[in-house]
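To keep things clear, I will list the structure first and then write my remarks on it.
Protein chains: 2
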Amino acid sequence: MAKYVFGVDVGGTTVKLGLFDINGVVVEKWEIPTRTANGGEKILPDIADSIKAKMADREIPKEEVAGVGVGVPGPVDGRGIVHKAVNLGWGEVDLKKELEALLDGMKVEGGNDANVAALGEMWKGGGQGHQSLVAVTLGTGVGGGIIINGRIMTGATGAGGEIGHIHLEDNETEACGCGNFGCLEEYASATGITRLANRALQACDKDSVLRTGEVSAKTVFDAVKAGDELAIEVAKKFGDYLGKGLGIIAGVINPEIFVIGGGVSKAGEVLFEYIRPSYEETAFHACKDTPFALATLGNDAGIYGAAKMVLD
Amino acid sequence: MAKYVFGVDVGGTTVKLGLFDINGVVVEKWEIPTRTANGGEKILPDIADSIKAKMADREIPKEEVAGVGVGVPGPVDGRGIVHKAVNLGWGEVDLKKELEALLDGMKVEGGNDANVAALGEMWKGGGQGHQSLVAVTLGTGVGGGIIINGRIMTGATGAGGEIGHIHLEDNETEACGCGNFGCLEEYASATGITRLANRALQACDKDSVLRTGEVSAKTVFDAVKAGDELAIEVAKKFGDYLGKGLGIIAGVINPEIFVIGGGVSKAGEVLFEYIRPSYEETAFHACKDTPFALATLGNDAGIYGAAKMVLD
C-alpha cells in the first residue's frame, strides 16, 4: 500500500524535491543543484540518485511509494515527453520513460512547471476544494496553468494555458518577448507594470513618489496603498488589461475559480480591486461571479502539484 | 453486447432523433415536434415514447442499446441536470434521471447542444481523427464547443466554450445580445457581418453590389467572391476580429484543430483567407500552425455528438 509520493520541480539552477504522505502533508523538502552541462544529461540521474538516497535513509521500501511527479520548464506532452526545455539544455527528452528506468520501474509522471504549480494550488493552495481553475502567475512574465476536472489541460502542443500571450492590444508598438505585439504579459507582468509606470511618468508631470525612487511592480503597489494618484492610474491600467484578459479566459474555460500568484501577487488582495471592475464589465454573465483567490503555496506549488500528478 | 446508440438533438420547434450503430453509421433519422407548453413537460416523455416505438418497430432489445444521448439548448452540468432552457420552457430539469426513468433504466447522457455538436464534428465531421478541438458556429450568433481529450469541456456553470461573448473591442457603442459591449459575436455572426457591411456602406460612397440588393452574410461573401472592394473590406474586418478571437482561444486551449460551422461557413474556405492573417499575427508561436477545417455534418452534428456522448 502506497504511503508516500515524491514531487520534483526542476528549475534552471535548482531542483526542488519534496517527500509527501499521500494526503499531501510534507514529510521533508530539500534541493539539489541543476547540472545543465552536456545537454542536461545529469539532471535525471541526479534526481533518481537523490530520491533513492532519501528512500534508503528513511528506510522506505519501493512498495510504499506511489511514484514520482516532475515539473519542468518546457512543454510536456500527454505521454510525459519533454519537447525542448532551453533552461535545462534539453531537446526532446522522454522524461517518463528515462526516469522510470533510472528508478527501477517506479511510476513517473511529468508536466510543464506552470501547469503543475496550478495543480498544486488546487490540491493544497488557493484553489483547494475546486475541480477546475485557472492559475495566473504574475512574475517576470505572465504564466498560466489550467485545471479541468482535476486534471492539467496540456494542450495539443503543450501550450495550453499560455495565457501570458493572449492578444489584448492592437496599438502596441513594443514587441513582447514572444515576438508578437500587445500580449497580456506586456501589461500584467512585473516587467509590464514597470513599463506602464515609466510610460505614465513620461506622459505627464504629475507628482508621484515613483519619480524619486526605484520603479517596480512592488514600488507601484506600495505607492497605490499610500494613495499615490499616478500609481493608482498605473494600477487601473494593469487591472483593465488583466481583468479583460481573465474575462475572456472565463468565457472560454468557465473555471470555478481564478488563483493569482507570482511575485506581483505579494501586493495582496488590493490587486483584485483593480482587476474586478473590467473583469465584471467584460465577462459573460454566467462567469461574472467567478471568485478570485491568491495563491498560497509560493515556490512550493511545483512540488505539491508534481506529487499530485502521480496520485490521479 | 451493445450494437446501437440513440442521439437526440432537442430544438425549440423540432426534436431530431438518430439511431446509429456503435461505429457511428446512421441507421435511421427522424423528427418529432417539440411540445413546449406547460413548461415543456411533454418533451422528455415524447422522446422516450419515440425511442421505445422505434425499438419495438425494429425489434431491438434493450440489451443491444448502449444508451441515449441528448443535446439541449441550455447549460447542462456534469451530472446531466439542465439549468434553464428558455426555448424549451424548462427551468431546472434533471434530464438524465428523468429520461432514464422513462426509458426503464437505459443509460442517458445530456449535454449543451453547441458542445454536443462539437463532439459530433470530432467523431464524424470536420474534426475527425482529433482528440481536442474548438468548434465555432457562425450563425445568427456565435456559438462554440470545446473538446479536450475526447470529452466536452462543460465549464463550472455550463458556460465553457461560450466564445461568442469574449470581449474584443473596447470602442463598441452597440450592446451585444448578452448585454456587454464588443463581444466577438457582434462582428463574426451573420448578424454581425450584416452590421459591419451596413456600417461600411454608410461610412463611404464606394461603389458596391451591396448598395442595390439585400445585405446579409451570404450576399457579402458572394460579393467578396465577385471581387467587390467594399465587401472585401467587410470580410477583412470580420476576419480580423475572428482571427484575433481564435488566436486568443488558441493561447488558452491550444486545440489540435478549429472546426468552423454554421450558416456563415457555407461561404466555404474563402473564410479562412480572411481569418488566418490576423490569427497568425496574434496567436502564440506554438499555435500559429493550428489547422482550420469546415464543419461537415451541418444540422446532424447534434445527433452524432449526442450518440457519441453515450459511448465514452
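Chain order of the listed sequences is A and B.
For the first sequence, our numbering assigns the number 1 to the initial residue and increments by one for each residue that follows.
For the second sequence, our numbering assigns the number 313 to the initial residue and increments by one for each residue that follows.
In this text, a Cβ means the ideal position worked out from N, Cα and C, and glycines have one as well.
Nearest neighbour of residue i, chosen from the options [CA to CA]
| i | options | result |
| --- | --- | --- |
| A:LEU119 | A:GLY12, A:LEU95, A:VAL134 | A:VAL134 |
| A:LEU271 | A:ASP312, A:TRP123, A:ALA223, A:GLY71 | A:ALA223 |
| A:LEU103 | A:GLY268, A:ILE260, A:LEU88, A:PHE6 | A:PHE6 |
| A:ILE51 | A:GLU31, A:ALA37, A:GLY40 | A:GLU31 |
| B:VAL320 | B:ASN350, B:GLY352, B:GLY381, B:GLU340 | B:GLY381 |
| B:ASP612 | B:LEU331, B:MET313, B:TYR499 | B:LEU331 |
| A:ASP228 | A:TYR241, A:ILE163, A:ALA200 | A:ALA200 |
| B:LYS548 | B:ALA515, B:GLY573, B:LEU508 | B:LEU508 |
| B:GLY574 | B:GLU433, B:MET621, B:THR469 | B:GLU433 |
| A:GLY89 | A:TYR241, A:ILE152, A:GLY125, A:ALA37 | A:ALA37 |
| A:TRP123 | A:ASN149, A:GLY268, A:LEU138, A:MET106 | A:ASN149 |
| B:VAL327 | B:ASN399, B:THR449, B:ILE475 | B:ASN399 |
| A:GLY192 | A:ARG211, A:MET55, A:GLY139, A:THR157 | A:GLY139 |
Between the CA atoms of residue j and residue i - distance to the nearest angstrom
| i | j | result |
| --- | --- | --- |
| B:ALA397 | A:GLY127 | 30 Å |
| A:GLY145 | A:CYS183 | 17 Å |
| A:THR154 | A:VAL76 | 8 Å |
| B:ASN335 | A:LYS42 | 48 Å |
| A:ALA48 | A:GLU169 | 45 Å |
| A:VAL264 | B:ALA471 | 29 Å |
| A:GLU281 | A:VAL25 | 40 Å |
| A:THR290 | A:PHE258 | 7 Å |
| B:GLU340 | B:LEU609 | 15 Å |
| A:PHE238 | B:GLU484 | 21 Å |
| B:LYS374 | A:ALA188 | 57 Å |
| A:GLN202 | B:PHE493 | 31 Å |
| B:GLU498 | B:GLU486 | 9 Å |
| A:GLY141 | A:ALA190 | 7 Å |
| B:ALA283 | A:ALA101 | Chain B is shown only over 313 to 624; residue 283 of chain B falls outside these bounds and no answer can be derived. |
| B:ASP358 | B:GLU410 | 12 Å |
| B:GLY455 | B:ILE572 | 10 Å |
| A:CYS176 | A:GLY245 | 16 Å |
| B:GLY580 | B:GLY437 | 15 Å |
| B:LYS578 | A:HIS167 | 28 Å |
| B:ILE464 | B:LYS518 | 46 Å |
| B:LEU356 | A:ASP240 | 45 Å |
| A:MET55 | A:GLU162 | 36 Å |
| B:ARG370 | B:TYR616 | 20 Å |
Other residues of its chain near residue i: CB distance less than 6 Å, five sequence neighbours each side excluded
| i | result |
| --- | --- |
| A:LYS96 | GLY80, VAL108, GLY110 |
| A:GLY243 | ILE275, SER278, TYR279 |
| B:VAL405 | VAL394 |
| B:THR325 | THR346 |
| A:HIS313 | One cannot answer for residue 313 of chain A here, as it falls past the ends of chain A, which runs 1 to 312. |
| B:GLY383 | ASP321, GLY423, ASP425, VAL428, GLY614, ALA618 |
| A:ARG284 | Strictly speaking, residue 284 of chain A in this sequence is Phe, with Arg absent from that position. Once the five neighbours on either side are set aside, the close Cβ partners of A:PHE284 are GLY251. |
| B:GLY649 | This structure cannot speak to residue 649 of chain B, because chain B is shown only from 313 to 624. |
Own chain, CB closer than 8 Å to residue i, minus 5 neighbours either side, in chain order
| i | result |
| --- | --- |
| A:CYS287 | GLY247, ALA250, GLY251, ASN254 |
| A:THR194 | VAL215, SER216, ALA217, VAL220 |
| A:ASN198 | VAL215 |
| B:GLY403 | GLY351, LYS396 |
| B:ALA538 | VAL521 |
| B:CYS516 | LEU542 |
Neighbourhood of residue i by C-beta, 7 Å cutoff - its chain only, sequence neighbours within 5 removed
| i | result |
| --- | --- |
| B:GLU568 | HIS442, GLN443, SER444, LEU445 |
| B:LEU623 | VAL317, ILE334, ALA378 |
| A:GLY213 | THR219 |
| B:ILE372 | TYR316 |
| A:ILE232 | VAL224 |
| A:MET315 | The requested residue 315 of chain A does not occur in the structure, where chain A is confined to residues 1 to 312. |
Min CB distance residue i to chain E below 7 Å
| i | result |
| --- | --- |
| A:GLY150 | Annotation note: the requested chain E is absent from the structure, which comprises protein chains A and B. |
DSSP beta-bridge partners of residue i
| i | result |
| --- | --- |
| B:CYS490 | Per DSSP, none; premise fails for B:CYS490. |
| A:TYR4 | A:ASP21, A:VAL65 |
| A:VAL10 | A:VAL15 |
| B:ILE459 | B:LEU445, B:ILE464 |
| B:LYS341 | B:GLY330 |
| B:HIS477 | Answer by DSSP bridge pairing: none, since B:HIS477 is not bridged. |
| B:VAL420 | B:VAL380 |
| A:ALA293 | A:VAL259 |
| B:ALA471 | The partner list for B:ALA471 (beta bridge, DSSP) is empty, contrary to what the question assumes. |
| A:TRP90 | A:ALA85 |
| A:LEU138 | A:VAL142 |
| B:VAL388 | B:VAL394 |
Heavy atom of the ligand ATP within 6 Å of residue i beta-carbon
| i | result |
| --- | --- |
| A:LEU88 | Of ligands this structure carries none, so the ligand ATP is not represented either. |
| Whole beta strand (DSSP E) runs in the stretch 190–219 of chain A with 3 or more residues, listed along the chain? | none
| said: Runs of 4 residues minimum, wholly inside the stretch 571–601 of chain B: which ones carry the alpha helix (DSSP H) assignment? | reply: 582–594
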